[in-house]
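Visitor: Chains as they are written, first to last, in the working numbering: chain P, 3 to 428; chain F, 3 to 428; chain D, 3 to 428. Glycine is no exception: its CB is placed at the ideal position from the N, C-alpha and C atoms.
#1: So for residue 37 (chain D), helix, strand or coil by DSSP?
#2: Tell me the rounded alpha-carbon separation between residue 419 (chain F) and residue 328 (chain P).
#3: To which residues of the same chain is residue 63 (chain D) closer than 6 Å at the C-beta, ignoring the five residues directly before and after it?
#4: Tell me which residues share the same chain as residue 10 (chain D) and place their Cβ nearer than 7 Å to its Cβ, disregarding the 5 neighbours each side in the sequence.
#5: Residue 58 (chain P) touches chain F at which residues, Cβ-Cβ below 9 Å?
#6: When you compare each of D:129, D:229, D:224 to residue 184 (chain D) by their alpha carbons, which one comes out closest?
#7: Say whether chain P places a C-beta atom closer than 8 Å to the C-beta of residue 324 (chain F).
#8: Going along chain D in order, which residues have a C-beta closer than 9 Å to the C-beta of residue 207 (chain P)?
#9: What do you reckon, are the CB atoms on residue 218 (chain D) and residue 264 (chain P) nearer than 8 Å?
#10: From the DSSP output, in three-state form, read off residue 465 (chain D) for me.
#11: Contact check, residue 384 (chain F) vs residue 39 (chain F) under 8 Å by CB: the rounded distance?
#12: Looking at the unbroken alpha helix (DSSP H) that takes in residue 76 (chain F), where does it start and where does it end?
#13: Does DSSP put residue 403 (chain P) in a helix, a strand or coil?
#14: Let me check understanding here. Comparing Cα to Cα, which of D:353, D:360, D:397, D:366 lies closest to residue 161 (chain D)?
#15: Counting only the same chain and skipping the five closest in sequence on each side, list residues whose C-beta sits under 7 Å from that of residue 55 (chain D).
#16: Of the choices P:381, P:275, P:248, P:207, whose alpha-carbon is the least far from that of residue 58 (chain D)?
#17: Give the straight-line distance between the Cα atoms of residue 230 (chain D) and residue 236 (chain D), rounded to the nearest whole angstrom.
#18: Among D:309, D:317, D:141, D:403, whose alpha-carbon lies nearest the alpha-carbon of residue 360 (chain D)?
#19: Interface residues of chain P around residue 301 (chain F) at Cβ under 8 Å?
#20: What are the boundary residues of the alpha helix (DSSP H) that residue 208 (chain P) is part of?
#21: Note down the Cα distance separating residue 172 (chain F) from residue 211 (chain P), rounded to an integer number of angstroms.
#22: Using a Cβ cut-off of 8 Å (strictly closer), state whether residue 396 (chain F) contacts chain D.
#23: Need the endpoints of the alpha helix (DSSP H) that residue 291 (chain F) sits in, please.
#24: Can you list, in chain order, the stretches of the beta strand (DSSP E) that have 3 or more residues and sit fully within the stretch 132-173 of chain F?
#25: Thinking C-beta only, is residue 191 (chain F) closer than 8 Å to residue 261 (chain F)?
#26: Please identify, using Cβ separations under 7 Å, the residues of the stretch 35-53 of chain P that lie next to chain D, in order along the chain.
#27: From the DSSP output, which residues share a beta bridge with residue 383 (chain P)?
#28: In the stretch 66-83 of chain P, which residues sit with their C-beta less than 7 Å from some C-beta in chain C, listed in chain order?
#29: Does the pairing of the stretch 279-297 of chain F with the stretch 332-350 of chain F give three or more beta-carbon distances under 8 Å?
#30: What is the DSSP secondary structure of residue 267 (chain F), counted as helix, strand or coil?
#31: Who are the Cβ neighbours of residue 305 (chain P) in its own chain at under 7 Å, not counting the five residues just before and after it?
#32: Closer than 8 Å between beta carbons: that is the criterion. Which residues of the stretch 262-277 of chain D meet it against chain F?
#33: Within its chain, find whatever has a CB closer than 7 Å to the CB of residue 267 (chain P); leave out the 5 residues flanking it on each side and keep chain order.
#34: Below 8 Å between beta carbons: does that hold for residue 19 (chain D) and residue 97 (chain D)?
#35: If the cut is a Cβ gap below 7 Å, which residues of chain D does residue 99 (chain F) touch?
#36: I need the DSSP call for residue 63 (chain F), collapsed to helix, strand or coil.
Spelled out as structure tokens, the structure:
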């Protein structure tokens, strides 16, 4: 903050923030397409509301926890116009907040896909507040800031700090492992796993919406990764190239391992992108391609194991996608980032292992603790009746396609309820 | 235009223009999701066509009305390559036109949502031509240019000009109040308000499309607001931060006041953004949060009053959203922009009140005059039969889901009509 | 590559690459909306997979064919950090690759819309590999590079090189004429043209998705065109203005000629944009408007002739759109770019004609050769049974709306198949 920032820096970080903001629409549609129609509205409202609550909590609490900065100064200070202001010109610090807030809000957006179709609404907002107000900022402050002397310790041990350029671990693994804890606390959807051991398929509702979500996430990801440099002089075409090739690797491996399944191939692109975040600034493009390819295959394998063998009902496979591929990316950065493998160097496999493990443990422990406490106190799960009816009518009093509900006669009861209030009553 | 503009300025304004262009897709899907299926095609074609006609009229007429500039010079002039050209290098003036043209086209896009489901197509294009050729440019020229000595007068009265950084009043209030005039001239949809006083709910068709529209608008809005600085040196992270927090405020208040309704919460985000446009460059972030929160609540309240009590059949609630929240934002700028409330100052509540009132009066008067004249001459409303059949088949000879129409047997007549021509006949 | 590139250049080209990447989502949804529901999944997977394979082949082969550059150097070289590296700082060359890779991948994306609903999956990926590894790079290398002395010859003949600023010919005409060859080799969809001469309409499934695709393409196109300058100092507001007005011209003419049909008007916008690519940097805005207007009308006329008279079953009309309008744009650049018509000059009608013809011939010949060879060897067409069932179930074992398939009882067989594996089995 002591350096003078130019308008170009502000624009650079702003564009990243806008692109990651757009990614939240991607999270929303990925979930809309994957869940059943009776839970689509809930998916949309959850993502938008989680984003709003996250931003608010991060503004008033989380950002201070991570970096010790408060924005409760006069506006003239915030834009560096007053003598001795700690803030840079043109409001650079404010767009940096915007950028990082969109990262913070990814934590509940990731979890949302795991707990879909049976979680209560308000307890989830409380979980979001705790996670974005404390858990994520502490992790972020450790890795990207100076909190708890974490990077000092890692550097003392391995000669280099833990490298997580764009958050394979800080954002994705953390979010994915918190989600695993949440899913374990919540239990599977009604009827998903029968007592006789049979696994009942719950098919997605809408592949085009799923694909739309994936596309929005893919495109926005280039802001997530490239703008993590946070200054235009630090921009690196290598980050863009590596993100591109990791995405490509994820698509191709998930296409093959996932036998042409549209859900797998559209999530496979994301798996590659999750895995490349950490090392996108140091890997060789071919290393990024391999990393993405491994991630795509890992996602498909883990998703199928979760759903069919381990009976972990992680609806969108967010633990497989963000949790496992994120952790894999944290470690891959320590391998494909090495100069001997064509990378730029400055990374150490041991530092990456310890850093990644830290993120995984923090995530899982927080997930179990936060959702366990909420379960013990206010409950986190819809009643069986509400789950059967769907989160849309149970929580939002309207379905995703209200006109269809009113025009089909034998859905009269639902329609009457749906049209009783809200914009559906217009 | 006398200063030399750099490539960075051109890029900056261009990015804003592209983002606001994208917002028109958002307007389209917000309307597609809110209207009934039989009017979805019409919503899409209206927005795209209104955009095209607006741009054309603004290019040949409106821009000259607002700023006295014509583009009917050789291309070498336009890019500042000829001696004595009045145009800056790199075609800066051309991207500025592009940026402002996307604002101008927002006027019919706003109105479109109010008059949905029963307006004729061609008269609306005539209204668009008058509004974008004259009404909007005069307003814009008064506030952002030097037309009619408006800002001179305001400054003489209050010491400072009327402040409307990104158009809470010039764009949103103007458009929203024109829309109110149009809706009053047009009358409610058939069957909406029964003679016995009963109000019949007409439910939206597709919440995911409504949400998609809202997301596209939200994301593009950062171009609408930040790029209103029109030069990269003037970029302000404060504008981005304030837009973010106003959006967040709108989401949270509409969630609560609107009791979790997906239509309210996705429009609530927009309400916050509408209200923050005017003062986003001078308010404190907490002021922006409060402004957005008030706007979200105001939208929900006004929407319900319009629909249920006042029986104003403004389908998407565009008067509530753009008209009222825009006006509220014009005034809020004069309060939360004050230095005593942490703002940057340079604004005056009186100037904001007079400026806002001017926009409101201009809008409502123009709306009544333009749509009243068209009603008296060529008619602005579909026949009852066409309205019942839907604007899609009546105007475009095809529905939104032609394959479904042809496969359902008892829809044979519609299908035959739908497949008689156009790309549906392919 | 000998000049030092700034971060601003890297950002500039990166933004173009991101926008053209997004256009591929547009290609996907344009096809999803136009084909029948039973082929929507296939449309989505094809576009994503074609993009991945294209990028991979272009990375390892195509880029070298076009420009003689390989990226198989250590990362430190690629970002210009090593002594004597041939690569510019900040990884400029890597984002340039990214930008051009998204162009290369447009070739199979264009073809995809022509061969929709009856083509095999894997042979198409082989065609993609040949086209993006050899055919496109050779064309690109001739026009934008120094391959085969093409531009030298044109310049010797006409005094100026063939001008194709953003690829009306190199990308669109080439892709469109390859697609014509592919469509001719593939034959019409089953039941499209009856033996008795009757033409059976196959209506599109989803106009909102078609419109969404068009909007994404329109918005991304400004990256396609403006960022073709490849350096921020070369940015030209004229390119943006001309793209805007050509789009507007295409919308308005297709609205009128296409009698308000939503498919025509949303494709008409694209027709204008295809045609303006070549000359967007040299035409006068009014010339661009006329060019776009002609293209919109040409598209509607050619689409109807193809479908009804010539019985060429080009599903999305990609030959009409990209092939014909692209060629028209190549020639229009030589007319409306002339100084006597207000343009910037430096173009020659003869050079444009020869260059355009070269692209057309290369495209059609390659299309016939590649798809003819594949047809003769492995076959390029689905079995009648698979085509009837739809490419989704035949190739991907899942439909676009799996939940609906399982809930409708008489679709039980499909549902059982759909839910047997993949994410649909979740």
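Guide: Judging by the given coordinates:
#1: If DSSP states are grouped into helix, strand and coil, residue 37 (chain D) belongs with coil.
#2: Low confidence applies to residue 419 (chain F): its pLDDT is 43, below 50, so where it sits in the model is not reliable enough to give any reading.
#3: For residue 63 (chain D), same chain residues with a beta-carbon under 6 Å away, outside a window of 5 residues either side, are 135 in chain order.
#4: Answer for residue 10 (chain D): 234, listed in chain order.
#5: Here the neighbours are 247, 250, 251, 254, 291.
#6: Of D:129, D:229, D:224, the smallest CA-CA separation from residue 184 (chain D) is found for D:129.
#7: Put simply, the CB of residue 324 (chain F) is far from chain P, with every gap to its CB atoms at 8 Å or more.
#8: Neighbours of residue 207 (chain P) across chain D, judged by C-beta separation under 9 Å: 403, 404, 405, 406.
#9: No, these two residues do not count as a Cβ contact at 8 Å.
#10: This structure cannot speak to residue 465 (chain D), because chain D is shown only from 3 to 428.
#11: Contact flag wrong, Cβ pair sits at about 16 Å.
#12: Per DSSP, residue 76 (chain F) lies in no alpha helix (DSSP H) segment and is marked neither H nor E.
#13: Look at residue 403 (chain P) here: in three-state DSSP terms it is coil, with no helix or strand label.
#14: The shortest C-alpha separation from residue 161 (chain D) is found at D:353.
#15: Hits under 7 Å: 127, 130, 131.
#16: Ranking P:381, P:275, P:248, P:207 by Cα distance to residue 58 (chain D) puts P:248 first.
#17: When rounded, the distance between both Cα atoms is 9 Å.
#18: Nearest to residue 360 (chain D) by alpha-carbon distance, out of D:309, D:317, D:141, D:403, is D:141.
#19: Neighbours of residue 301 (chain F) on chain P: none; closest Cβ ~10 Å, over 8 Å.
#20: Counting along the chain, residue 208 (chain P) falls outside any alpha helix (DSSP H), and DSSP gives it neither H nor E.
#21: One Cα belongs to residue 172 (chain F), the other to residue 211 (chain P), and the distance between them is close to 36 Å.
#22: Taking 8 Å as the CB threshold, residue 396 (chain F) stays off the interface with chain D.
#23: Boundaries of the alpha helix (DSSP H) around residue 291 (chain F): 287-306.
#24: Runs of the beta strand (DSSP E) inside the stretch 132-173 of chain F: none found.
#25: For the 8 Å CB-CB criterion, residue 261 (chain F) and residue 191 (chain F) do not form a contact.
#26: Residues of the stretch 35-53 of chain P with a C-beta less than 7 Å from any C-beta of chain D: 38, 39, listed in chain order.
#27: Beta-bridge pairing links residue 383 (chain P) to P:121.
#28: Protein chains P, F and D are contained in the structure displayed, whereas chain C is not.
#29: Touching, per the Cβ criterion.
#30: If DSSP states are grouped into helix, strand and coil, residue 267 (chain F) belongs with the helices.
#31: Within the same chain, residue 305 (chain P) has close Cβ partners 319, 322.
#32: Per Cβ criterion, the list reads 262, 263, 264, 265, 266, 267, 268, 269, 271.
#33: Closer than 7 Å at the Cβ level, and outside the excluded window around residue 267 (chain P), lie 253, 256, 257, 260.
#34: Inclusion of residue 19 (chain D) and residue 97 (chain D) in the CB contact set at 8 Å is warranted, their separation being smaller than that value.
#35: Chain D residues near residue 99 (chain F): 243.
#36: Residue 63 (chain F) falls in the helix class under three-state DSSP.
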